[in-house]
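Take 1 as the starting number for the sequence shown in UniProt numbering and just add one per residue. Heads up, the beta-carbon is just placed ideally off N, CA and C, and yes, glycines get one too. For clarity, every value in this text was computed on a predicted model and none was experimentally measured. Some notes on the structure that comes next.
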Amino acid sequence: MTHQNAEIGTRRTFGLREHVQVLSRHAGKIILIPLVGFVTALAISFSVSEVYVAEARLLVQLSREPFRLSAVLNPNAVNTVPRSAEDELRTEVEIFKSPVVAQKLADRLGPEYVVENMTWRWDWLKKIPAEVKDRVLITLYDWGPTARLLGSLGVERPISGPPDWRTVAAGKILDNIEVGTILKTDIFVVSLAAPDGDFAALALNTMLEAYFDHHSDLRQPRRALEVLAEEAERLREAVDDAQRQLHDFKREHGIASLDDQKSVLVRRIDTIEAEVSNARVAAISGQKGIQAIERQLSALGNTTLGGSVYSELQKRLALERAEVAAAEARAEALSVQLAQERATLAMLDAREAELNSLTMQVDIRRQALDAFVKKQFEMQTAESFDTQKLANVRPVEPAQVPPFPSKPRKALNAILGLVIGGIIALTIAYLSEYMRRTLITRQEAEEVLRRQVPAVLRWEKPSKRASRLNELEFRRFAEALEGNGESASPRCVLITSAVSGEGRSFAAHGLAAALRARGKSVLVLSVRTDQTFDSDCPESKGSGSQSSTNVISDSESDVVVGRGAELLRDHVRSLRRDHAAELDYILVDAPDMNRYPEQQTLVPETSDVIFVIEAGRTSSMTAWNELEAIDSAKPTRVVVVLNKWRPAIPEWIYARLKPPGRRDDVRQARN
C-alpha cells in the first residue's frame, strides 16, 4: 500500500461532529481574525472624515404638454410624439448634474471657500500619485527625446502653475453630489455630501438657486418670442425689398397695365395680319388678270397691232402690273411690321413672367410675414402659460442641516468587520483542514499508517486532569505491552520519532513509570545529540567507548557510551547480558530518525518499536516514510503513540451533554 493510497483514507465525509471538531481545532484563528476585523473596522471608521449629507427634493409638474411651433414655420416638419414623464425627469436630472450649475455654485460661494470645505481628511494622500505622475511627466518633457516620444504617444504635458480653483471646486461638487428619481413619482432627490453639515446645506440650497437660474435660461419662453420677432422683422424687410424690385421693374419697362398693353398689341397684330392677307390676295388676283390680258394679246396677233383694242389691252396690262407690284410691296411692308409687333408681344410675355415671379415673391413673403405676426400674437397670449410651465420644477423641501453624520456608520462597520472576519476565519479554517496532511486523531493514525495506536497522550498544560488521563493511558499501554507475548528478559523497547520535539522522552519516562508501578524493573537509555566530543574524548562511564562525536547516557543508571551504531548495539547487548537478572525492560529513548538513522541497527535487538508522532504536527508522509525505513529492519512489532493530542471538542461540552456516569465512555469515544 502506497502513501498516496493511505492518505486517501483521511478524506472522510464531514458530519456534525467533524464540523464541531474543525471549529474547535481552529478556535484561535476563528476568534482572532474576527477581532482583528472588528478592531480594523473601528480604527478606519474613527480615522476617516465624517460625512454629512444634505438632501433636497424637487417636484416636476407635467400637467401641460410643451409648446411646439406649427407647421407654418417649417412645412416639412415632422410632429414627434410627446416625451414621457420619465424622460422629463431624466432631463431635469441631467440639467442639475451639468458642470455649468456646479460652476455657478462656485462663483456664488467662492471657489476657494468651496474647495476648503469640500476637502476630506485623506485627500492629501490621494493626490500624491497624481502629483508624482505630473512631476515625472514634466521632467521627461524637459528632455528633448522623451518629449518627442511622449508627444508621438499622445501624452500631454501637465499644466504647471496654480490650479484653476473654479474648475477644482466644480469637480469636487460633482464628485460628491447624487441626483436620482423616486420610482413612480414626479420627484427627484438631490443630495450633497460634505465634511461639514452647515456647508452641505448652504451649498445645496445655493446650488438649487443656480439650477433654477440655469433652467430659466435654457427654457425661457421669451426666447421663442424673440425668435419670432426677429424672423418677422426679417420677413418685413424681405417684403419691402420684393415690392421695391417690382416697382422698379414696372418703372423701367413702362408697365402700367400689362394686360391692356398686350390686348392692344394683339388687336394690332390681328389687323396687320388681315391687311397682309388682303394685299397678298390682291397681288394674286392681279397676277391672274395679267395672265388673262396676255392671253388676249396673244390671240389678237399682229393684225391688230395698231388697232384700238390692242392698245387698250396693253394699257390694262400695264395698269395691272402696277397694281400687283403695289400689292406685293404693301404685303412685304406689312409682314415686317407684323414681325415687329410679334417680337414686341414676346417681349411682353417674358416681362409678364418676370413680373409674375416678382409678384409671387411679394405674396409669399407677405403671407409668411402674416403667419409670423399671427404666431407672435399667439405666443404672447400663451406666454403666461409657458411662464407657469417654468415654475413646474419646484422645491418640495429645501436642504436642512443634517444633525448627525451619515457616514461612517461605526457600529455597522464594526459588525461588518466582525462578520467578514468570521467568514475569512471560517474559510481559512476549512481550507487549512482541507489542506492538512497531519494526523490528529487515533482513527486517522490507524487508517493512514495501518498501525496500532495503543496510547493517545494529551497535551499537558497546568492541569491535574490531563496528567491523570495520561497516567491512565500509560497504565493501559503498559498492560498491553506486558501482555504482548513472551520474550527474553530484559525486553528492549526502542522509542523513536520522525522529527525532533515530538515527545519521545515524555513517552519513555511515562511508560517507565507505569511499568515500575506494576513492579517492573526498568532502565531508560536516553540518546542525546546535544553534546559533541572529539575522537580523543575522555573515557565514558560504563563501557568506556571513545569513537564518536555524540554520546549516549542512561538517565537511570547514568551510563554514557559513544554514539556510533555499533557501539549503541553493543552497549544494549551488554546491558541485556550483564543485567538480565536485574532488569525487566530497557527503554531506549533514541533521537529522531531524521538526525539518527543509525538506530535502525538496533531494531533486531528490540522486542517492540514505539513510534511517537505529535498530533497536528507530524505529516502523514513523513511518518509513513520513517515507518517504512523501520520496517526494512524487520522489527518484531511496531506501534504508534499519538502525543500532544488536544481534544477537538472541549470537555465541558461533553460534561453538559452526557450524564456523569457516562463520561468515561465518552472519553474513550473521543480517542
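C-alpha gap between residue i and residue j, whole angstroms
| i | j | result |
| --- | --- | --- |
| R234 | A371 | 13 Å |
| V641 | G510 | 12 Å |
| Q243 | A346 | 24 Å |
| L305 | A318 | Since pLDDT at L305 reaches only 49, below the 50 mark, its modelled position is unreliable, and no value is offered. |
| L173 | R366 | According to the sequence displayed, residue 173 carries Ile and not Leu. Between I173 and R366, the C-alpha separation is close to 53 Å. |
| L149 | R157 | 12 Å |
| G15 | V22 | 11 Å |
| residue 674 | P195 | Any question about residue 674 goes unanswered here, given that the chain covers just 1 to 671. |
| V638 | R450 | 10 Å |
| V588 | I420 | 52 Å |
| E88 | F96 | 12 Å |
| V20 | A425 | 15 Å |
| Q531 | D592 | Residue placement at Q531 is poorly supported in this model, since its pLDDT is 45, which falls under 50; the coordinates still yield a value, given next. For Q531 and D592, the distance between alpha carbons rounds to 16 Å. |
| E433 | L59 | 59 Å |
| V456 | G417 | 39 Å |
| F533 | N470 | Since pLDDT at F533 reaches only 29, below the 50 mark, its modelled position is unreliable, and the value read off the structure follows with that caveat. Computed Cα separation, rounded: 37 Å. |
| A445 | V453 | 7 Å |
| N550 | A414 | Note that N550 has pLDDT 34, beneath the 50 cutoff, so the model's placement of it is unreliable and the number below is only indicative. Near 58 Å, if we compare the C-alpha coordinates of A414 and N550. |
| R577 | Q599 | 20 Å |
| L472 | L481 | 14 Å |
| N625 | V39 | 45 Å |
| R504 | Y430 | 31 Å |
| H26 | W645 | 14 Å |
| L218 | P405 | 36 Å |
| V78 | L265 | Reliability of the predicted coordinates at V78 is poor, the pLDDT of 46 falling under 50, and no value is obtained from them. |
| residue 682 | V603 | The structure shown does not extend to residue 682, since the chain is modelled only from 1 through 671, so no value can be given for it. |
| T271 | Q287 | 24 Å |
| R17 | N643 | 22 Å |
| L412 | L42 | 10 Å |
| I138 | A210 | 38 Å |
| L627 | R595 | 15 Å |
| I182 | E86 | 10 Å |
| T606 | T622 | 23 Å |
| L583 | S489 | 7 Å |
For residue j and residue i, believed in contact at Cβ under 8 Å, the rounded distance
| i | j | result |
| --- | --- | --- |
| I613 | L439 | 6 Å |
| K410 | S45 | 4 Å |
| A102 | A170 | 4 Å |
| E92 | V393 | 6 Å |
| A590 | V527 | 5 Å |
| L109 | A203 | 7 Å |
DSSP beta-bridge partners of residue i
| i | result |
| --- | --- |
| R57 | V189 and E397 |
| V455 | A small correction: the amino acid at residue 455 is Ala; Val does not occupy that position in the sequence shown. In the DSSP output, where bridge partners are listed per residue, A455 has V641. |
| I610 | I495 and V639 |
| A194 | Y52 |
| Y585 | R491 and V522 |
| K407 | V51 |
| T438 | S619 |
Segment limits, beta strand (DSSP E) that includes residue i
| i | result |
| --- | --- |
| T139 | T139 -> not in any beta strand (DSSP E); alpha helix (DSSP H) instead, spanning D123 to Y141. |
| I177 | I177 to T181 |
| S526 | V522 to R528 |
Of the residues the options, the one placed nearest residue i, counting alpha carbons only
| i | options | result |
| --- | --- | --- |
| S620 | P454, Q443, G289 and I177 | Q443 |
| P162 | S298, A333, E112 and L89 | E112 |
| residue 688 | A480, S432 and R573 | Nothing about residue 688 can be read from this structure; the chain reaches only from 1 to 671. |
| E252 | L355, D217, I290 and V168 | L355 |
| M118 | T91, V168, L137 and A498 | V168 |
| G616 | D142, R295 and W459 | W459 |
| G28 | I364, A210 and I428 | I428 |
| P402 | A350, F199 and R595 | F199 |
| L567 | L523, D578, Y585 and T601 | T601 |
| S191 | R295, L208 and K184 | L208 |
| residue 674 | R280, E92, Y310 and W120 | With the chain covering 1 to 671 only, the question about residue 674 has no answer from this structure. |
| K520 | I586, A498 and A507 | I586 |
| W120 | L515, V48 and A238 | V48 |
| E397 | V132, I187, Y52 and E323 | I187 |
Residue i: CB within 7 Å of a non-hydrogen atom of the ligand ZN
| i | result |
| --- | --- |
| T601 | Summarising the ligand content, the structure contains no ligands, and the ligand ZN is consequently not present. |
Residue i - containing alpha helix (DSSP H), residue span
| i | result |
| --- | --- |
| V603 | Element bounds for V603: n/a, residue is neither H nor E. |
| D164 | Element bounds for D164: n/a, residue is neither H nor E. |
| D631 | S620 to S632 |
| I30 | A27 to S47 |
| R108 | P99 to L109 |
| E447 | R442 to L449 |
| P145 | G144 to S152 |
| T91 | A85 to F96 |
| S505 | R504 to A517 |
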